[in-house]
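Worksheet for the structure shown next.
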Amino acid sequence: MTPPSESRVLAVDVGGTTMKGSVFDEDGRVRHSIVVPSTADDGEDPVKAVRALCRQLRDDAIELGAAPAGIGVVTPGIVDESAGVVKYAANIRFREVPLGAIIRDDLGLPVAIGHDARAAGVAEAVAGAGRGLDNFLLLPLGTGIAATVVLNGVPVPGAAWSAGEVGHMPIHPDGEPCSCGQRGCLEVYASAGGIARRYARLGGAPGLDSESIARAATVDPLARRVWDAATHTLGTALATLTLALDPACIVLGGGLAEAGAQLFDPVRETLRAALAWRSPPALLRSDFGARAAQLGAAILARRAAGLAVPDSWGAPRP
Ligand SMILES: [Zn+2]
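Heads up, our numbering is the position in the sequence shown plus 122, with the first residue counted as 1.
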């Protein structure tokens, strides 16, 4: 029988294309990681791959010297965190999956099930740009756009576990169609996926990603137009969110935030111009890149296992 480490936890971030699992040490460092395909398209039971990854991770932790104290698993979609049930997640084909009970039976460990964007908000509150703030907003800008409202360190889940779907705010009421069935949604214009699709649809070279389009914006008028629409639409959405919530700051994460000043400067300018009578909140870049949700899962795992989570636990080290 392997003794529990008392302190090491497992964290799994289930995405539409890949799943990332890590073993976190007591001090918040990642000791070991695995990335595997989500295999959501092959007709197999979509939960099988998640269970296999969790078991693998547990076995790896034991091989590293000690059984883990708990596990946190985060997914996209509608997630009832208190019941540990993924109610609906289209891109991983989960519907009413009691994931918490399943993983607990498989591993015999304390389990926390979370929502990926809200877990990222937990990571920002403990160890990132939202540390020490009563209230902030986190928007991961990726394939789509979500927002997490964090109040006193706790992400707001909403009445039906659906808060934060701001990607479908209709910013341009007669605008271009969105996959959700509405028109003019924020993420049609301002998500990484939306920027790439718009550029191709308006006659640009197909297959260019948002990063290349951002780079081309200095020389290519179409890239400039698409990029300007993205930053303007995002700034307008953030003005609306600021008026509703008065956040202490807004943290932008996900791949698109890597564009740095090219994104932040025009978004700040739109936000400032749209909030004529009040000062805009600070606009900050996430410290975590794509790993915020996984760090959030590790924090949830520590809490589920009854372990303390010190300030700045898991923060990036210089
Ligand atoms: Zn939409």
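Cβ atoms here follow ideal geometry from the backbone N, Cα and C, with glycine treated the same way.
This structure is a prediction, so every number in the text was calculated from the model and none was measured.
Where do the N-terminal and C-terminal ends of the beta strand (DSSP E) with residue i fall, by residue?
i, result
"F258", "N257 to P262"
"E218", "F216 to V219"
"L273", "T270 to L273"
"C176", "Looking at the DSSP string, C176 is not in any beta strand (DSSP E); the run it does join, the alpha helix (DSSP H), is P168 to E185."
"L132", "V131 to V136"
"A234", "V233 to H237"
"L406", "A404 to R407"
"I197", "The amino acid occupying residue 197 in the given sequence is Thr; Ile does not appear at that position. Where T197 is concerned, the enclosing beta strand (DSSP E) stretches over G192 to T197."
Specify the secondary structure class of residue i as computed by DSSP and reduced to three states.
i, result
"I293", "coil"
"V441", "Since the displayed the chain opens at 123 and closes at 440, residue 441 lies outside it and no answer follows."
"M123", "Because M123 sits at a pLDDT of 48, beneath the cut-off of 50, its placement in the model cannot be relied upon, and the point is left open."
"R153", "strand"
"L385", "helix"
"V248", "helix"
"R253", "coil"
"D433", "coil"
"V158", "strand"
Which word fits residue i, buried or exposed, when buried means at least 16 other C-beta atoms lie within 10 angstroms of its C-beta?
i, result
"E88", "Beyond the ends of the chain as shown, which are 123 and 440, falls residue 88; an answer cannot be given."
"E309", "buried"
"G329", "exposed"
"M123", "Since pLDDT at M123 reaches only 48, below the 50 mark, its modelled position is unreliable, and no value is offered."
"D167", "exposed"
"W399", "exposed"
First and last residue of the alpha helix (DSSP H) that includes residue i?
i, result
"G418", "A414 to A426"
"G316", "A314 to R323"
"S332", "S332 to A338"
"V348", "P343 to L367"
What residues match up with residue i in a beta bridge as DSSP calls it?
i, result
"K209", "Partner(s): none; K209 has no beta bridge."
"D202", "V207"
"A305", "A quick correction: the sequence has Arg, not Ala, at residue 305. Bridge partners of R305: P299."
Check whether the stretch 369-386 and the stretch 241-253 are in contact - that is, three or more C-beta pairs closer than 8 Å. yes
Of all residues in the structure, which have a C-beta closer than 6 Å to any heavy atom of ligand 2, taken in chain order? Ligand 2 is not part of this structure, which contains only ligand 1.
The stretch 314-331 in contact with the stretch 214-222 per 3-pair CB rule at 8 Å: no
Given 8 Å, three or more beta-carbon pairs between the stretch 125-144 and the stretch 409-416: yes
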